[in-house]
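I have placed the structure first, in the form of structure tokens, so that the comments after it can refer back to it.
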Amino acid sequence: MEIIQQILNGISVGSIYALIALGYTMVYGIIKLINFAHGDVFMLGAFIGFYAITQFQMNFFVALIFSMAITALIGVLIERIAYKRLRNATRIAALITAIGVSLLIEYGFIYIRGAQPEAYPDVFGRQSVSLFGATIDMKAVLILSVSVILMLLLQFIVHKTKTGKAMRAVSHDTEAAKLMGINVDNTISATFAIGSALAGAAGVIFGLYYTKIDPLMGVIPGLKAFVAAVLGGIGIIPGAMVGGLILGLVETFVSAIGFSLWRDAAAFIILILILIFRPSGIFGKNSREKV
Amino acid sequence: MKRHSKAFWPLLIAALVFYAIVQGLIMTDMLGAYHTNTLIFIAINIILAVSLHLVIGITGQFSIGHAGFMAVGAYLSAIVTMKFDLPFVVAIIVGGLVAALAGLIVGIPSLRLRGDYLAIATLGFAEIIRIIFLNIDYVGGAAGMQVSKMTDWTYTFFFMLITILVIVNFTRSRHGIAALSIREDEIASDAMGINTTYYKVVAFVIGAFFAGVAGALFSHNFYIVLPSQFGFLKSVDILILVVLGGLGSLSGAIISAIFLTLVSTFLQDYPETRMIIYSLVLIIVMLYRPQGLMGTKEITDYFRGWTSKGGKDNGKDTIT
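Protein chains in written order, with my numbering: chain A, 1 to 291; chain B, 292 to 611.
This is the structure:
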């Protein structure tokens, strides 16, 4: 039953993309900025998890939460230091700054610790279960359950808490939200914190799944997660989840039918097709441009 | 608007004199291989900066996939010289033309998009181009393709001069004015009856042509052409030249190409430091001087006030 195995692989990869894509889509929804540094926050999350497990002998789940807390802090710092001044700047200026922040994190990190890759500790060993005749790696089950829990948690925060309500209000209309007494700056920071924490969690489970991490690992998953966000409709939270899963499945099948070298191109071809035929994404609504 | 500015002939003659002096120094071995190579790098970077300036600075279309067109030029010219044994000039022109064709194919669908989406689409296309070359065994795949060194000072200098002349003349022509109006306000220029898609594609194709020329010169200067030379970082390298010089300033792009090439030559042995400096330059320039060092001004604008009292403002504005 190879097909079940492939589908499960696709869902595992896809849920990692989905977790990163959520951060992209939330930030874009609220300040209309493609946060290029998001992929690097994901990378930092993987390394924080790695050091927490190897240096401080933390349990995997403690390390996961630790990494999420630190990346949330990093996300807020990036927003406060670099992006806050750009609220009223042009979109191009904001995008160039985001590229600059991304490069600064990558090469600053390489400068501090060197570019050599690390092997992630194999905390769970090689356990697997049999289901409908397919051997299923326990890691895939773990990744899936962690992502589902985090996504449910996110849905809860966005729809049932005051912060979530403020986030939705700010992304709908910043000016009106401000007039209603919502602290826009804090809400934006909260968005960055939540998005970055999700990226940090994605980094830790990415390290567990692929076992190899390096300072430039965030670039390609970051871009692909962005593709996933655009695919689902940027700014729409369920869209990012679905987009991530679709992208993961497509990539796994492109590899499975023997085109593994073309796997990276698949994501970009999807991106171009979606931008040409349905720029607002699967869940997006068409909006008219106003002068 | 006049066809040539007053400074045109003096500047052209100065450029030719500069070429002759450098060529003389190279022929009499007073200028070593290292310095000659630095000059060639500067000239290639000027071609890249000026061609991207046309797309971003003049037409206001934010493309971050310029390295993709460079890759097309590099590979196609290498095929022409290495597999068909044709002269280098033919290779450069073929490289440019195929890159222009690639620009047309990429430009027509993606230039309907705006701002961020266009940036991401061009980035995606550049990655696709790179992955295509990575998967073609005829050009060596990931191991790359051996190329003999053919680029010299004369080729690079004259192609640089042609690039600058074409782009200056394009900017001054009707097409250039139309492109400027798209940069200032796309919806308004559409409403004025300007075929915005046509002018955007024209600017994009010309930009891609010269990126291909630069790619041809680049690959024949390195003995080898690899897909990894044309990744996202190369596009950022070109982008920073335009951003630092000023979005919309041709002389700004040239000056920052000269300056940053020298900086990166000095930091050759410290690639991480170079990237940290580059990223800090991007962030600091965007935070404190988002229009770039020169804004939309040209270097000649600074001298205009001296010759005629209170030189006329040429009415250019910042990019919105």
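Glycine is no exception: its CB is placed at the ideal position from the N, C-alpha and C atoms.
Distance, residue j Cα to residue i Cα
i         : j         : result
Lys374(B) : Phe416(B) : 26 Å
Leu179(A) : Ala98(A)  : 29 Å
Arg80(A)  : Phe495(B) : 36 Å
Ile333(B) : Val397(B) : 28 Å
Met68(A)  : Ala197(A) : 4 Å
Ala169(A) : Lys162(A) : 10 Å
Gly222(A) : Pro378(B) : 43 Å
Gly315(B) : Ile546(B) : 24 Å
Val306(A) : Met217(A) : The structure shown does not extend to residue 306(A), since chain A is modelled only from 1 to 291, so the question has no answer here.
Leu153(A) : Ser519(B) : 40 Å
Ile182(A) : Phe513(B) : 58 Å
Ile531(B) : Ile335(B) : 15 Å
Glu2(A)   : Gly244(A) : 22 Å
Asp608(B) : Gly323(B) : With a pLDDT of only 42 at Asp608(B), under 50, the local geometry of the prediction cannot be trusted, and the value read off the model is given with reservation. Cα to Cα, Asp608(B) sits roughly 44 Å from Gly323(B).
Phe66(A)  : Asp560(B) : 37 Å
Tyr51(A)  : Gln116(A) : 15 Å
Ile422(B) : Thr174(A) : 41 Å
Ile246(A) : Arg463(B) : 48 Å
Phe259(A) : Asp40(A)  : 28 Å
Leu77(A)  : Val101(A) : 11 Å
Within 8 Å, strictly: CB atoms of residue i and residue j
i         : j         : result
Leu275(A) : Ala412(B) : yes
Phe509(B) : Leu414(B) : no
Ala544(B) : Ala391(B) : no
Ser542(B) : Thr454(B) : no
Phe268(A) : Ile419(B) : yes
Glu118(A) : Ile213(A) : yes
Ile70(A)  : Ile48(A)  : yes
Thr442(B) : Ile331(B) : yes
Phe353(B) : Leu95(A)  : yes
Leu395(B) : Ile497(B) : no
Asp264(A) : Ile220(A) : yes
Asp122(A) : Thr211(A) : yes
Leu22(A)  : Ala190(A) : no
Val227(A) : Ile282(A) : no
Sequence-distant residues of the same chain with beta carbon closer than 6 Å to residue i, five excluded per side
i         : result
Leu367(B) : Val385, Gly386 and Val389
His357(B) : Leu343, Ala502, Ser526 and Ile529
Ala470(B) : Ile349, Thr350, Tyr490 and Ala494
Val129(A) : Ile136
Contact test: residue i Cβ vs the ligand FMN heavy atom, cutoff 7 Å
i        : result
Arg80(A) : As presented, the structure is devoid of all ligands, the ligand FMN included, so that no description of it is given.
Any chain C beta carbon closer than 8 Å to residue i
i        : result
Asp40(A) : Here chain C cannot be found, since the structure's protein chains are A and B.
Boundaries of the alpha helix (DSSP H) in which residue i is found, first to last residue
i         : result
Tyr579(B) : Pro562 to Tyr579
Thr54(A)  : His38 to Thr54
Lys32(A)  : Careful: Lys32(A) lies outside any alpha helix (DSSP H) and carries neither H nor E.
Trp300(B) : Phe299 to Met318
Trp444(B) : Trp444 to Arg463
Tyr111(A) : Arg91 to Arg113
Phe124(A) : Per DSSP, Phe124(A) belongs to no alpha helix (DSSP H) and is neither H nor E.
Leu77(A)  : Phe60 to Ile78
Phe375(B) : His357 to Phe375
Thr552(B) : Leu541 to Phe557
Glu418(B) : Gly406 to Leu425
Own chain residues within Cβ distance below 8 Å of residue i, not counting five before or after
i         : result
Val576(B) : Val534, Leu535, Gly583 and Leu584
Val184(A) : Val170, Thr174, Ala177 and Lys178
Leu64(A)  : Gly49, Val146, Ala201, Val204 and Ile205
Glu477(B) : Gly351, Arg405 and Thr487
CB-CB length for residue i against residue j, believed under 8 Å
i         : j         : result
Arg474(B) : Ile349(B) : 6 Å
Pro215(A) : Phe42(A)  : In fact, because the Cβ distance is near 12 Å, the residues do not count as touching under 8 Å.
Ile272(A) : Thr25(A)  : With a Cβ gap of about 19 Å, Ile272(A) and Thr25(A) do not count as contacting.
Gly200(A) : Gly45(A)  : 3 Å
Phe206(A) : Ile16(A)  : 5 Å
Lys139(A) : Leu208(A) : 6 Å
Gly506(B) : Ala362(B) : 6 Å
Asp407(B) : Ile34(A)  : 5 Å
Ser540(B) : Gly467(B) : Between Gly467(B) and Ser540(B) the Cβ distance is about 14 Å, and since that is not below 8 Å, they are no contact.
Tyr83(A)  : Glu563(B) : Tyr83(A) to Glu563(B), Cβ: 24 Å. No contact.
Leu404(B) : Pro279(A) : 7 Å
Tyr593(B) : Phe448(B) : No, Tyr593(B) and Phe448(B) are not in contact; Cβ-Cβ is about 25 Å, not under 8 Å.
Val492(B) : Leu558(B) : Not really, about 37 Å apart at Cβ, beyond 8 Å.
Cβ neighbours of residue i in the same chain (closer than 7 Å, five flanking residues each side left out)
i         : result
Val516(B) : Ala365, Tyr366, Ala369, Gly435, Met436, Val438 and Ser510
Val13(A)  : Gly248, Glu251 and Thr252
Ser555(B) : Arg565
Leu538(B) : Ile347, Gly348, Gln582, Gly583 and Ile610
Phe450(B) : Ile338, Ile383, Val504 and Leu508
Leu144(A) : Ile11, Ser12 and Ser15
Met151(A) : Met241
Ala266(A) : Val250, Glu251 and Val254
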